[in-house]
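The block underneath contains the structure these notes are about, expressed in structure tokens.
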Amino acid sequence: MLTNAPRGTKDILPEQIGNWIAIENKIRKTCATYGYEEIRTPIFEHTELFHRGIGEGTDVVDKEMYTFTDRGGRSITLRPENTASVVRAYLQNKLYAAGGLVKLFYIGSMFRYDRPQAGRLREFHQFGVEALGEENPAVDAEIILLAWDFLKNLGLDELRLKINTVGCPNCRPVYRQKLIHYFGEYLDELCGDCKNRIEKNPLRILDCKIDGGKEFVEDAPKIETCLCDDCREHFSRVQEFLRAANVDFEVDSRLVRGLDYYTKTAFEIQYPPLGAQSAVAGGGRYDGLIKEIGGTPTPGIGFAVGLERIFIALEKQNLLKPVENKIDAFVVTAGAMAEVCGLKLLTILRRENISAVMDFAKRSLKAQMKQAAKSGAKFALIIGEEEVENSTVTVKNLETSAQEKFPVREVAAYIKK
RNA sequence: GCGGCUCUGGUGAAGUGGUUAACACGUCGGAUUGUGGCUCCGAUAUGCGUGGGUUCGAUUCCCACGAGUCGCCCCA
Numbered sequence: 009m010l011t012n013a014p015r016g017t018k019d020i021l022p023e024q025i026g027n028w029i030a031i032e033n034k035i036r037k038t039c040a041t042y043g044y045e046e047i048r049t050p051i052f053e054h055t056e057l058f059h060r061g062i063g064e065g066t067d068v069v070d071k072e073m074y075t076f077t078d079r080g081g082r083s084i085t086l087r088p089e090n091t092a093s094v095v096r097a098y099l100q101n102k103l104y105a106a107g108g109l110v111k112l113f114y115i116g117s118m119f120r121y122d123r124p125q126a127g128r129l130r131e132f133h134q135f136g137v138e139a140l141g142e143e144n145p146a147v148d149a150e151i152i153l154l155a156w157d158f159l160k161n162l163g164l165d166e167l168r169l170k171i172n173t174v175g176c177p178n179c180r181p182v183y184r185q186k187l188i189h190y191f192g193e194y195l196d197e198l199c200g201d202c203k204n205r206i207e208k209n210p211l212r213i214l215d216c217k218i219d220g221g222k223e224f225v226e227d228a229p230k231i232e233t234c235l236c237d238d239c240r241e242h243f244s245r246v247q248e249f250l251r252a253a254n255v256d257f258e259v260d261s262r263l264v265r266g267l268d269y270y271t272k273t274a275f276e277i278q279y280p281p282l283g284a285q286s287a288v289a290g291g292g293r294y295d296g297l298i299k300e301i302g303g304t305p306t307p308g309i310g311f312a313v314g315l316e317r318i319f320i321a322l323e324k325q326n327l328l329k330p331v332e333n334k335i336d337a338f339v340v341t342a343g344a345m346a347e348v349c350g351l352k353l354l355t356i357l358r359r360e361n362i363s364a365v366m367d368f369a370k371r372s373l374k375a376q377m378k379q380a381a382k383s384g385a386k387f388a389l390i391i392g393e394e395e396v397e398n399s400t401v402t403v404k405n406l407e408t409s410a411q412e413k414f415p416v417r418e419v420a421a422y423i424k425k
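In my numbering, the protein residues as written are 9 to 425.
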């Protein structure tokens with residue numbers, strides 16, 4: 009097992025790295041367009057941050073965290089998501105001091121101990137955005153639009169944007185009580201999971217795969233009936249902004265985000281072809297989080313995108329292009345003297361910013377030519393006894409097969425031509 | 001954490017309770033004198049996820065574990 013990476017982790021190999029760099033570039037470009045700045049926070053944090061930030065009782069905290077005790081006896085956790093960390097960094101570094109809205113984004117690994125399957129890994133990568141310090145629903149819209157535009161611009165079709173409001177500490181408990189009462193009447197008809205959810209998280213019953221379609225569930229009270237004026241107004245403004253931006257969305261009153269800190273706006277962008285793991289982006293407002301972590305009450309909103317899922321989606325649509333990194337020249341040598349000259353030539357070329365390699369396996373000239381052809385290099389630079397003697401290099405264009413001999417000092421210029 | 005399916009070389013794969021585990025691709029080497037891409041020739045798993053068990057004998061049967069995959073839970 010020494011040769012196997014831990015379960016649920018994956019190597020990103022050279023042949024794929026081009027795609028990663030490309031998507032990271034798109035992320036940075038999109039975020040710059042929206043005026044968001046990159047932040048990098050530690051891969052691990054004090055366990056307590058996630059307990060407080062994400063909430064005890066959530067699956068992420070209860071059964072998915074990579075938690076360990078470090079040598080100093082501290083309880084440390086590999087971040088399962090990055091919002092809590094960003095908020096912590098915001099507070100610790102007093103980013104609020106500059107005043108106004110603080111707009112941040114991040115790209116990085118997250119860790120969740122879960123059973124791996126397609127689109128779900130134990131170490132996975134997210135790109136996420138957080139806007140801290142503003143409660144204006146226009147920010148909700150901006151955040152959603154950023155996620156939407158980013159995904160759209162990748163060329164993905166079939167994207168579906170779902171939004172909902174989950175209320176606030178004033179109105180959610182009211183709704184919650186109402187649901188508990190309502191579902192209490194149907195206790196016998198609920199599935200086992202939902203029986204547990206009644207007390208723990210009755211909102212979740214609404215979107216249960218087993219009970220979700222049942223009539224009494226469909227007829228359950230909607231959150232709209234309980235929203236306070238503030239939440240109701242906020243939600244309708246968000247929709248207004250989205251319509252103004254010409255984005256198609258769907259209000260899904262059954263959309264419930266799993267993490268405790270969400271308030272008001274919740275949204276998810278799905279790519280249905282992915283199957284079970286169809287959510288490619290998810291987020292929402294978390295006006296209570298900053299206070300929970302110990303700051304002065306400050307509103308915030310953000311989302312995260314799962315990059316591996318994006319790649320699967322891009323793959324399905326054939327949007328992943330192999331990025332070939334071709335080198336310019338392949339130096340081929342025959343004999344010990346020639347090898348030295350070859351190395352000198354490599355140095356000369358590289359200092360001229362020409363990418364150049366050579367075969368170090370002491371193969372036959374013919375074998376080296378094969379390597380050269382396979383490498384995709386445009387030129388083979390051949391150095392044999394003759395070239396060594398009169399300080400020349402035979403330059404063979406591997407595409408046209410034409411070849412010509414040049415003095416060493418002229419080779420770089422010729423290749424650059 | 002639960003359930004289904006799967007696990008043969010670098011890759012795609014065929015195959016059997018018992019001599020040398022097909023075939024293809026790839027890789028490497030060669031086809032006289034210093035040169036690639038086509039063609040031809042040759043080499044390339046003492047090994048069939050790992051560990052046990054059944055058996056005279058297992059890659060083929062059984063069990064456990066591991067990994068992958070699909071679904072559940074949950075989520076990105």
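Note that CB positions come from ideal geometry on N, CA and C, so glycine has one too.
Computed from a predicted model, the values in this text were never measured in an experiment.
- Taking all protein chains shown into account, Thr91 has 16 or more neighbouring C-beta atoms within 10 Å of its C-beta and is therefore buried.
- Where Val416 is concerned, the enclosing alpha helix (DSSP H) starts and stops at Val416 to Lys424.
- Linking Glu316 to Arg128 through their CA atoms gives a straight-line distance of about 8 Å.
- Of all C-beta pairs linking the region 137-144 to the region 104-115, three or more are shorter than 8 Å, placing the two stretches in contact.
- Around Arg168, the same chain offers Gln278 as residues with beta carbons nearer than 6 Å, after the five sequence neighbours per side are excluded.
- Per the DSSP secondary-structure output, Ile206 pairs with nothing in a beta bridge.
- With a cut-off of 8 Å on Cβ pairs, the region 149-160 is in contact with the region 308-324, counting three or more such pairs.
- Annotated as distal: Glu258 and Arg265, with beta-carbon spacing of 9 Å or more.
- The DSSP-derived three-state label of Gly291 is strand.
- By the criterion of a C-beta distance shorter than 7 Å, Thr85 is surrounded in its chain by Phe52, Glu53, Thr55, Phe58, Met73, Tyr74 and Thr75, once the five residues flanking it on both sides are discounted.
- Cβ contact annotation for Asp165 (same chain, cutoff 8 Å, sequence separation greater than five): Gln325, in chain order.
- The beta carbons of Asn161 and Asp238 sit no closer together than 9 Å.
- For the pair Thr271 and Gly291, the CB atoms are not nearer than the 9 Å cut-off.
- The Cβ neighbour count for Pro88, taken over all protein chains shown within 10 Å, is at least 16; the residue is labelled buried.
- Using a Cβ-Cβ distance cut-off of 8 Å, the region 201-209 and the region 249-257 are not in contact, since fewer than three pairs of beta carbons, one from each stretch, lie closer than that value.
- Around the beta carbon of Asp148, a 10 Å sphere encloses 16 or more other beta carbons of the protein chains shown; the residue is thus reported as buried.
- Cβ neighbours of Pro145 within its own chain (closer than 7 Å, five residues either side excluded): His242, Arg245, Val246 and Phe249.
- The DSSP assignment places complete beta strand (DSSP E) segments of no fewer than 3 residues inside the region 89-157 at 110-119 and 131-140, in order along the chain.
- A Cβ-Cβ separation of about 10 Å leaves Leu353 out of contact with Val340 under the 8 Å criterion.
- Counted as a single uninterrupted DSSP element, the beta strand (DSSP E) harbouring Arg168 occupies residues Arg168 to Thr173.
- Within the region 13-89, the runs of alpha helix (DSSP H) that reach at least 4 residues and sit entirely inside it are, in chain order, 22-42, 55-62 and 67-71.
- Taking all protein chains shown into account, Arg120 has 16 or more neighbouring C-beta atoms within 10 Å of its C-beta and is therefore buried.
- DSSP lists Val339 and Val403 as the bridge partner or partners of Leu389.
- Counting along the chain, the unbroken alpha helix (DSSP H) around Phe319 starts and ends at Leu315 to Lys324.
- Using a Cβ distance threshold of 9 Å, Asp336 and Ile423 count as a contacting pair.
- Within its own chain, the residues whose Cβ lies closer than 7 Å to the Cβ of Ser399, once the five positions on either side in sequence are excluded, are Pro415 and Val416, listed in chain order.
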